[in-house]
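These notes concern the structure reproduced below.
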Amino acid sequence: MKSSSARFLKRLLWTGLLSIGASPPLWGGVVIDRVAAVVNREVITQSELDEARAPAQKAKQEGGGGSVSLERGLEQEWLGRLIEKRLILQEAKREGVRLTDEELDLALKDIEERNRFSGREALKRAVTQENLSWEKYLEDLRNQLILLKLMNRKVDAAVLASEEEVRAYYDGRPEEFKLPDQIRLRQILIRLPSSASPEEAERARRKAERVIAEANGGEDFERLAETFSDGAERRQGGDLGFFKKGELAPEIDQIVFNLEPGAISPVIRTGLGFHLFKVEERQSNRRQTFEKVRKEAEERLLAEKKEAARRKWLDEVWRRSFVEIK
Numbered sequence: 247m248k249s250s251s252a253r254f255l256k257r258l259l260w261t262g263l264l265s266i267g268a269s270p271p272l273w274g275g276v277v278i279d280r281v282a283a284v285v286n287r288e289v290i291t292q293s294e295l296d297e298a299r300a301p302a303q304k305a306k307q308e309g310g311g312g313s314v315s316l317e318r319g320l321e322q323e324w325l326g327r328l329i330e331k332r333l334i335l336q337e338a339k340r341e342g343v344r345l346t347d348e349e350l351d352l353a354l355k356d357i358e359e360r361n362r363f364s365g366r367e368a369l370k371r372a373v374t375q376e377n378l379s380w381e382k383y384l385e386d387l388r389n390q391l392i393l394l395k396l397m398n399r400k401v402d403a404a405v406l407a408s409e410e411e412v413r414a415y416y417d418g419r420p421e422e423f424k425l426p427d428q429i430r431l432r433q434i435l436i437r438l439p440s441s442a443s444p445e446e447a448e449r450a451r452r453k454a455e456r457v458i459a460e461a462n463g464g465e466d467f468e469r470l471a472e473t474f475s476d477g478a479e480r481r482q483g484g485d486l487g488f489f490k491k492g493e494l495a496p497e498i499d500q501i502v503f504n505l506e507p508g509a510i511s512p513v514i515r516t517g518l519g520f521h522l523f524k525v526e527e528r529q530s531n532r533r534q535t536f537e538k539v540r541k542e543a544e545e546r547l548l549a550e551k552k553e554a555a556r557r558k559w560l561d562e563v564w565r566r567s568f569v570e571i572k
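Residue numbers 247 to 572, in the working numbering, belong to the letters of the sequence shown in order.
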C-alpha cells in the first residue's frame with residue numbers, strides 16, 4: 247500500500263524542473279540590504295526581491311530593456327508574489343503543515359523521472375548549471391510543496407462539482423467541446439521507388455495523369471483505386487479514413503483541405519510517388535457528446551472553482567495580516 251505521502255505527491259501538478267524558485271543575482275560584489283516589505287513582523291529584503299526577479303530581469307535586458315515605469319511595475323509585481331508566498335508559508339506554520347524528508351525525496355525522484363535524469367547527481371548538475379545552489383533549490387522546492395499541501399488541505403479538498411454543475415458547464419461552452427474539422431479521403435497511389443530514374447518518374451507521372459483524367463471524366467474512383475493504386479488500401483477502394491488538419495504531409499494537407507466533398511485533387515508528388523485524392527466526406531462543427539467529455543468538463547470546472555476558492559482564501563489571509571511596503 248502506498249503511504250499517505252506518496253498519495254499526496256501523486257496529486258500534485260508538477261511544473262518544470264527549474265520553475266520552482268529563482269536564480270540568484272548574476273552580479274558580484276557586496277550588497278547593502280534594505281527592507282522592501284514587512285509581512286507580519288517578517289522582513290523581505292531588497293536582495294530577496296532582486297534574487298526572485300533576476301531571471302525575468304535578465305530576459306528583459308536581453309530583449310532590449312524597457313521603460314522606467316515598466317521596470318517599477320515589474321518590481322512591484324514580484325514584490326507582491328514574495329509577500330503572498332510569505333503569507334502562505336506563515337499560514338502553513340500556524341496550521342502545523344510540515345513536509346517530511348520522505349515527501350521531499352519522492353518529489354525529487356518524480357522530477358528526475360519526468361526530466362529523464364539518470365539520478366540525483368544528474369539533477370544536481372542541471373540545477374547548478376542554472377546558477378542555483380543545491381541548498382537553495384531544495385529550500386525552494388520544500389517551500390513550494392508546503393504551499394501546495396496547505397492549499398490542498400484548506401481549499402482544494404473542499405471543492406466539489408455536482409453532476410448538474412458539470413452539465414451546466416458543458417452546456418454553457420458549446421465552442422470549447424467541438425471536434426476539429428476532418429475529412430475522409432480515398433487515395434490512388436502510383437508508387438515510385440527512391441532510386442527511380444527520371445524516365446521512370448516521367449512514366450509514373452503520365453500514368454497518374456491518365457488515371458486522374460478518367461476520374462474527372464466520371465469513372466468510379468473506387469474502381470480506379472482497386473485497378474491502378476499501389477497502396478494497401480486499394481482493396482477498400484482507396485479508403486484512407488478520416489484526417490484532421492495537420493495530420494497529413496504539408497504538401498497534401500494544404501490541397502485536400504481546400505477541396506469540397508466529391509472533389510478530386512490534382513496529382514501530388516511525395517517521396518512515395520504520385521498521389522490522387524478524393525474528398526469523400528467532410529465533418530465540421532461537430533460537438534462532442536457530454537458522455538464523452540464529461541471527465542474533461544469536470545476537470546476544467548474543478549480547476550476554475552479551486553482557483554476562485556484559493557483567491558478568496560488568500561484575500562482573507564491578506565485582510566487579517568499586517569503588510570507594509572517600504
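Ideal placement from N, C-alpha and C gives every residue a C-beta, glycine not left out. Because the structure is a prediction, the values reported are computed rather than measured.
Original post:
Ends of the beta strand (DSSP E) at Val-284?
Top reply: 281 to 285
Original post:
How far does the alpha helix (DSSP H) with Asp-561 in it reach, from first residue to last?
Top reply: 536 to 565
Original post:
Going straight from the alpha carbon of Leu-328 to that of Ile-571, what length do you get?
Top reply: 12 Å
**OP:** Out of Val-569, Glu-544, Asp-279 and Lys-339, state which residue places its alpha-carbon closest to the alpha-carbon of Ala-414.
**Re:** Glu-544
**OP:** Indicate whether Glu-341 and Arg-399 have their beta-carbon atoms separated by less than 9 Å.
**Re:** yes
Subject >> Whole-number beta carbon distance between Val-513 and Arg-451, since they are thought to touch under 8 Å >> reply: 7 Å
Original post:
Skipping 5 residues on each side, what residues in its chain have a beta carbon closer than 7 Å to that of Leu-425?
Top reply: Arg-532 and Gln-534
Original post:
Hey, how far is the Cα of Arg-449 from the Cα of Gln-428?
Top reply: 33 Å
Original post:
What is the residue span of the beta strand (DSSP E) that Val-525 lies within?
Top reply: 519 to 529
Subject >> Cα-Cα separation, Lys-339 to Asp-351 >> reply: 21 Å
**OP:** Could you tell me whether the Cβ atoms of Arg-333 and Val-563 are closer together than 9 Å?
**Re:** According to the sequence displayed, residue 333 carries Leu and not Arg. Contact: yes.
Original post:
Taking the alpha-carbon positions, what's the Ala-268 to Ser-511 distance?
Top reply: Confidence is the limiting factor: at Ala-268 the pLDDT is only 37, short of 50, which leaves the residue's position unreliable, though a coordinate-based value still follows. C-alpha separation (whole angstroms): 54 Å.
Subject >> Candidates Ile-290, Asp-356, Arg-546 and Glu-321: closest to Arg-419 by CA position >> reply: Arg-546
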